[in-house]
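Q: Pasting a structure below so you can have a look.
2 protein chains.
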Amino acid sequence: MTAADTPHPARDRLLGTAFRLFYAHGPRGVGIDTVIAESGVAKATLYKHFPRKDDLVLAYLDKVDQAWFGQLRAAARAAGDDPREQLVGMFDALVSACRREGFHGCAFINAAAETNAGSEIHARTVEHKAVVRAWVVDLAQRAGARDPQMLARQITLLVDGGLAAGVLDADPAAAEAAKQAAGALVDEACR
Amino acid sequence: MTAADTPHPARDRLLGTAFRLFYAHGPRGVGIDTVIAESGVAKATLYKHFPRKDDLVLAYLDKVDQAWFGQLRAAARAAGDDPREQLVGMFDALVSACRREGFHGCAFINAAAETNAGSEIHARTVEHKAVVRAWVVDLAQRAGARDPQMLARQITLLVDGGLAAGVLDADPAAAEAAKQAAGALVDEACR
DNA sequence: AGGCTAGCAGACAGGTCTGTCTGTCACAAT
DNA sequence: ATTGTGACAGACAGACCTGTCTGCTAGCCT
Numbered sequence: 026m027t028a029a030d031t032p033h034p035a036r037d038r039l040l041g042t043a044f045r046l047f048y049a050h051g052p053r054g055v056g057i058d059t060v061i062a063e064s065g066v067a068k069a070t071l072y073k074h075f076p077r078k079d080d081l082v083l084a085y086l087d088k089v090d091q092a093w094f095g096q097l098r099a100a101a102r103a104a105g106d107d108p109r110e111q112l113v114g115m116f117d118a119l120v121s122a123c124r125r126e127g128f129h130g131c132a133f134i135n136a137a138a139e140t141n142a143g144s145e146i147h148a149r150t151v152e153h154k155a156v157v158r159a160w161v162v163d164l165a166q167r168a169g170a171r172d173p174q175m176l177a178r179q180i181t182l183l184v185d186g187g188l189a190a191g192v193l194d195a196d197p198a199a200a201e202a203a204k205q206a207a208g209a210l211v212d213e214a215c216r
Numbered sequence: 026m027t028a029a030d031t032p033h034p035a036r037d038r039l040l041g042t043a044f045r046l047f048y049a050h051g052p053r054g055v056g057i058d059t060v061i062a063e064s065g066v067a068k069a070t071l072y073k074h075f076p077r078k079d080d081l082v083l084a085y086l087d088k089v090d091q092a093w094f095g096q097l098r099a100a101a102r103a104a105g106d107d108p109r110e111q112l113v114g115m116f117d118a119l120v121s122a123c124r125r126e127g128f129h130g131c132a133f134i135n136a137a138a139e140t141n142a143g144s145e146i147h148a149r150t151v152e153h154k155a156v157v158r159a160w161v162v163d164l165a166q167r168a169g170a171r172d173p174q175m176l177a178r179q180i181t182l183l184v185d186g187g188l189a190a191g192v193l194d195a196d197p198a199a200a201e202a203a204k205q206a207a208g209a210l211v212d213e214a215c216r
């Protein structure tokens, strides 16, 4: 077993390190030199896989998207089959995220905050939020909400608020409050 | 009338320019050279008033705090004397903020996103959010909420969510959804 | 055996950033 | 009139950041 485990071990190491560092300090707060030093990869190798730093940032955001969206769906699924329960249950992902060591809010919002609107990073963030909201709209429809668009917006607002609060102090109480609010709003919208 | 209008005209010009630039691009995205060029102030003058760049950033955040908190209170007051109405009315500040040209989310969250936890800027942000929440807790108490702490947290979550969404697309629909959600939560909490 | 690919190591250029320092000017108050 | 102060102008050092380039090593496939 030499190095055929994955097609590109160095690439994976880079992405893993970038994930950790970018999330902790923000993409702009981490230099390329730090990434290569901590991942033990040569600079030329990095630039072969990711020609510009932004390409690495975008790959990082894709990784975050998969991870976070996955957690959200898993938490919803764990709440049962009723879409109404799922809309509330997804907040368990927020609660556990707040408890996780090193939680620092939403990687997308943090990244978007330090880029000019119109950048690729900005666009990718908007896209991510749109995908999540579309999923919530679907849940809201199946839950029988009178105005699924409105309910979905309110739910995602609560999620984003909880994530934003997490940049400051990762207080699980805020996440619990969001969950309770979601419950009330879902009841209201389906009554 | 020479230059005795204000004690320090250059300082005011610096702060005004910093406010505009820091809010648009994030403190880390704006160099000192840009600030002095756009405000027409000498570098030495800047460093006399603000020994470190962070001091300028903190002064900027104080300015934001006054402005935003003022808008929030004004919107609440405009909604009438009933604390219940005020809890909902404050969201009009969010709605108009979203409509304003160049709206770019919450300056505090954006600033905090690009600093390591533990920095002065981070602390100032936490403080700001605590002050706002304390004010909302007071309103919730006077509104007769069963659990004022909980309601206040939910209201501030919605505000922060709306502000965070504003980093991406300043959609007034999100702010309106937040306002409606606040109404439902207030009703629920005071029933 | 020979060539190809992936990767390591590190120098280098060109730019930008913060913060310091020197020197000059204008005005106001003593 | 002289002295002090607030401000302007800009050079400078030292650090850091991105992205390029040159060499070298080791395994794999033909």
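Protein sequences, first through last, are from chains H and R. Mapped onto the numbering used here, the consecutive letters of the first sequence carry residue numbers 26 to 216. Mapped onto the numbering used here, the consecutive letters of the second sequence carry residue numbers 26 to 216. Glycine included, C-beta positions come from ideal geometry on N, C-alpha and C.
Select from the region 172 to 185 of chain R all residues with a C-beta closer than 7 Å to any C-beta belonging to chain H, and list them in chain order.
A: So the list reads 175, 178, 179, 182, 183 and 185, given in the order they occur along the chain.
Q: Hey, is residue 110 of chain R's beta-carbon within less than 8 Å of any beta-carbon in chain H?
A: Reading the second sequence from its first residue, position 85 is the one you call residue 110 of chain R. No, residue 110 of chain R lies away from the interface with chain H (no Cβ there is under 8 Å from its Cβ).
Q: DSSP state of residue 55 of chain H, grouped into three classes?
A: Residue numbering aside, residue 55 of chain H sits at position 30 when the first sequence is read from its first letter. Reduced to three states, the DSSP call for residue 55 of chain H is coil.
Q: At a CB-CB cut-off below 9 Å, which residues of chain R make contact with residue 139 of chain H?
A: In the first sequence, residue 139 of chain H corresponds to position 114, counting from 1. Here the neighbours are 50, 51, 53, 54, 135, 138 and 139.
Q: Can you pull the chain R neighbours of residue 205 of chain H, defined as C-beta to C-beta under 8 Å?
A: Indexing the first sequence from 1 puts residue 205 of chain H at position 180. Ordered by position in chain R, the residues that pass the 8 Å Cβ test against residue 205 of chain H are 175 and 179.
Q: Out of curiosity, what's the CA-to-CA distance linking residue 28 of chain R and residue 133 of chain R?
A: Stepping through the second sequence from its first residue, residue 28 of chain R is reached at position 3. Stepping through the second sequence from its first residue, residue 133 of chain R is reached at position 108. Its pLDDT being 38, under 50, residue 28 of chain R is placed unreliably by the model, and the measurement read from it follows with that caveat. The alpha-carbon atoms of residue 28 of chain R and residue 133 of chain R are separated by roughly 33 Å.
Q: Tell me which residues share the same chain as residue 215 of chain H and place their Cβ nearer than 8 Å to its Cβ, disregarding the 5 neighbours each side in the sequence.
A: Residue 215 of chain H sits at position 190 when you count from the first residue of the first sequence. Same-chain partners within the cutoff: 109, 168, 169, 170 and 171.
Q: Closer than 7 Å by C-beta to residue 166 of chain H: which residues in its own chain qualify, once you throw out the five before and the five after it? Chain order, please.
A: Taking the first residue of the first sequence as 1, we reach residue 166 of chain H at position 141. Excluding positions up to five away in sequence, the list reads 173.
Q: Using a Cβ-Cβ cut-off of 8 Å, state whether residue 159 of chain R counts as contacting chain H.
A: As a position in the second sequence, residue 159 of chain R is number 134, starting the count at 1. Closer than 8 Å: no.
Q: Report the neighbours of residue 213 of chain R on chain H: residues whose CB is nearer than 8 Å to its CB, in chain order.
A: Translated into the one-based positions of the second sequence, residue 213 of chain R becomes position 188. Within chain H, the residues near residue 213 of chain R are 209 and 213.
Q: Curious, which full-length alpha helix (DSSP H) runs of at least 4 residues does the region 131 to 156 of chain R contain?
A: 132 to 138, all fully within the region 131 to 156 of chain R.
Q: Less than 8 Å between CB atoms is the rule here; does residue 59 of chain R satisfy it with respect to chain H?
A: Indexing the second sequence from 1 puts residue 59 of chain R at position 34. Residue 59 of chain R does not count as touching chain H.
Q: For residue 75 of chain H versus residue 84 of chain H, is the C-beta distance shorter than 8 Å?
A: Within the first sequence, residue 75 of chain H is the residue found at index 50, counting from 1. Within the first sequence, residue 84 of chain H is the residue found at index 59, counting from 1. Yes. Within cutoff.
Q: Using a Cβ cut-off of 8 Å (strictly closer), state whether residue 154 of chain R contacts chain H.
A: For the purposes of this step, residue 154 of chain R is taken as the residue at position 129 of the second sequence. So yes, residue 154 of chain R belongs to the interface.
Q: Report buried or exposed for residue 213 of chain H, applying the criterion of at least 16 other Cβ atoms within 10 angstroms of its Cβ.
A: The count along the first sequence starts at 1 and reaches residue 213 of chain H at position 188. When all chains shown are included, residue 213 of chain H counts as buried.
Q: Can the beta-carbon of residue 161 of chain H be found less than 8 Å from the beta-carbon of residue 177 of chain H?
A: Position 136 of the first sequence, counted from the first residue, corresponds to residue 161 of chain H. Position 152 of the first sequence, counted from the first residue, corresponds to residue 177 of chain H. Yes, the pair counts as a contact, with Cβ atoms nearer than the cut-off.
Q: For residue 52 of chain R, is the classification buried or exposed, using 16 other Cβ atoms within 10 angstroms of its Cβ as the cut-off for buried?
A: Residue mapping note: residue 52 of chain R aligns to position 27 of the second sequence, counting from 1. The residue is buried, with at least 16 neighbouring Cβ atoms inside 10 Å.
Q: Relative to the C-alpha of residue 97 of chain H, which residue among H/193, H/205 and H/184 is closest?
A: Walking along the first sequence from the start, residue 97 of chain H turns up at place 72. Nearest option by C-alpha distance: H/184.
Q: For residue 150 of chain H, which residues in chain R fall below 7 Å Cβ to Cβ?
A: Sequence index remark: in the first sequence, residue 150 of chain H carries index 125 (1-based). In chain order: 193.
Q: Residues in the same chain with beta-carbon distance under 6 Å from residue 131 of chain H, minus the five sequence neighbours each way, listed in chain order, please.
A: As a position in the first sequence, residue 131 of chain H is number 106, starting the count at 1. Counting only Cβ-Cβ distances below 6 Å, and skipping sequence neighbours, we find 188.
Q: Enumerate in chain order the residues of its own chain whose CB-to-CB distance from residue 59 of chain R is below 8 Å, with the five nearest sequence positions on each side excluded.
A: Counting from 1 along the second sequence, the entry for residue 59 of chain R is found at position 34. Answer for residue 59 of chain R: 46, listed in chain order.
Q: Give a yes or no on whether the minimum CB-CB distance between residue 168 of chain R and chain H is below 8 Å.
A: By 1-based counting over the second sequence, the position of residue 168 of chain R is 143. So no, residue 168 of chain R is outside the interface.
Q: Nearest to residue 153 of chain H by alpha carbon, out of H/43, H/48, H/88 and H/64?
A: Reading the first sequence from its first residue, position 128 is the one you call residue 153 of chain H. Nearest of H/43, H/48, H/88 and H/64 to residue 153 of chain H, Cα basis: H/88.
Q: From residue 118 of chain R to residue 149 of chain R, what does the alpha carbon distance come to, in whole angstroms?
A: As a working mapping, residue 118 of chain R is identified with position 93 in the second sequence. As a working mapping, residue 149 of chain R is identified with position 124 in the second sequence. Straight-line Cα distance between these residues: approximately 22 Å.
Q: Quick check on residue 102 of chain R: buried or exposed, where buried means 16 or more other Cβ atoms within 10 Å of its Cβ?
A: Residue 102 of chain R sits at position 77 when you count from the first residue of the second sequence. With fewer than 16 other Cβ atoms within 10 Å, it is exposed.
Q: Between residue 187 of chain H and chain R, is the shortest Cβ-Cβ distance under 8 Å, so that the two count as touching?
A: Here residue 187 of chain H refers to the residue found at position 162 when the first sequence is read from its first residue. Yes, contact with chain R.
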